[in-house]
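As C-alpha cells, the structure follows; a few thoughts come after it.
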Amino acid sequence: MAKRLRDAPWMVPGIMDPMFSQGGGTSEMIFFVAAAIKHAEPLSLRPEDITNIIEAYQPWRIYMCRGPDHWNTAWSSIRWILSKSPAFEPDSLVAGHWRMTGMPLVRTPDQLSSRIMTKAERTTFLTWLGEFAPIINEPEGPSL
Numbered sequence: 004m005a006k007r008l009r010d011a012p013w014m015v016p017g018i019m020d021p022m023f024s025q026g027g028g029t030s031e032m033i034f035f036v037a038a039a040i041k042h043a044e045p046l047s048l049r050p051e052d053i054t055n056i057i058e059a060y061q062p063w064r065i066y067m068c069r070g071p072d073h074w075n076t077a078w079s080s081i082r083w084i085l086s087k088s089p090a091f092e093p094d095s096l097v098a099g100h101w102r103m104t105g106m107p108l109v110r111t112p113d114q115l116s117s118r119i120m121t122k123a124e125r126t127t128f129l130t131w132l133g134e135f136a137p138i139i140n141e142p143e144g145p146s147l
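Under the working numbering, the letters of the sequence shown match residues 4 to 147, in that order.
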C-alpha cells in the first residue's frame, strides 16, 4: 500500500502550485519539502538539495527563516521536518538522502510551531490529502 501511495501524484502539490504563495509564510513548509522531493523523483534528495530547490523556486522562504545565516537555518529546519514527519524516510540506498514514505503529509504538534493550525491551513491540508485522509497527531516522528 505504501508503494501505491508514494506513487500517487495527488498527494503532493506541484512546486509552482499557488498554495505556496508568499502570504503563507513558513507554515506549509512540509508541503514544499514534499513537492521538492516529488519534483526530483526518481532521485532522492539531501536536505541541502531541498534547500537549494526552495532557494531557486521561492527564495523568500529562505529569508523568512530566523537567525543571521538564513540558508543554514532553513537547512536545519528541513532536516528537522524530514526527521519528524512520518511522510519522509531516509533512503536506504543512498546515505543522507530522503524520500517519501507514502504516509500522509502531516504537521505533528511539535512541527514548526506550537500554535494550532488555522482554518486556512486545515483547508489547504485537507484539499491536498482528500476529505477522508487521517490527520496524525503524534508527538514523535520516525527515529533516525
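Just so you know, even glycine gets a beta-carbon here, dropped at the ideal spot from N, CA and C.
Legend entry - Cutoff 7 Å; reference Asp72; Cβ partners in own chain excluding five residues on either side: Along the sequence shown, read from residue 1 onward, the residue named residue 72 stands at position 69. The answer is none, since no qualifying residue turns up.
Inset, instruction - Kindly indicate which residue of Lys122, Ala98, Arg82, Leu96 has the alpha-carbon position closest to the one of Pro50. - result: As a position in the sequence shown, residue 50 is number 47, starting the count at 1. Looking at the Cα atoms, Arg82 is the closest of the given residues.
Inset, instruction - Identify every run of the alpha helix (DSSP H) within the region 35-59, keeping only runs that are complete inside it and at least 4 residues long; order them along the chain. - result: none
Inset, instruction - Specify, as a first and last residue, the run of the beta strand (DSSP E) that Ser102 falls within. - result: Within the sequence shown, residue 102 is the residue found at index 99, counting from 1. Sequence inspection shows Arg at residue 102; the Ser mentioned does not correspond to that position. Where Arg102 is concerned, the enclosing beta strand (DSSP E) stretches over 101-103.
Legend entry - Where Pro93 falls: helix, strand or coil (DSSP): Within the sequence shown, the letter at position 90 stands for residue 93. It is a strand residue.
Legend entry - Cβ neighbours of Leu85 in the same chain (closer than 6 Å, five flanking residues each side left out): Numbered from its first residue, the sequence shown carries residue 85 at position 82. Only Phe91, Trp101 meet the Cβ criterion.
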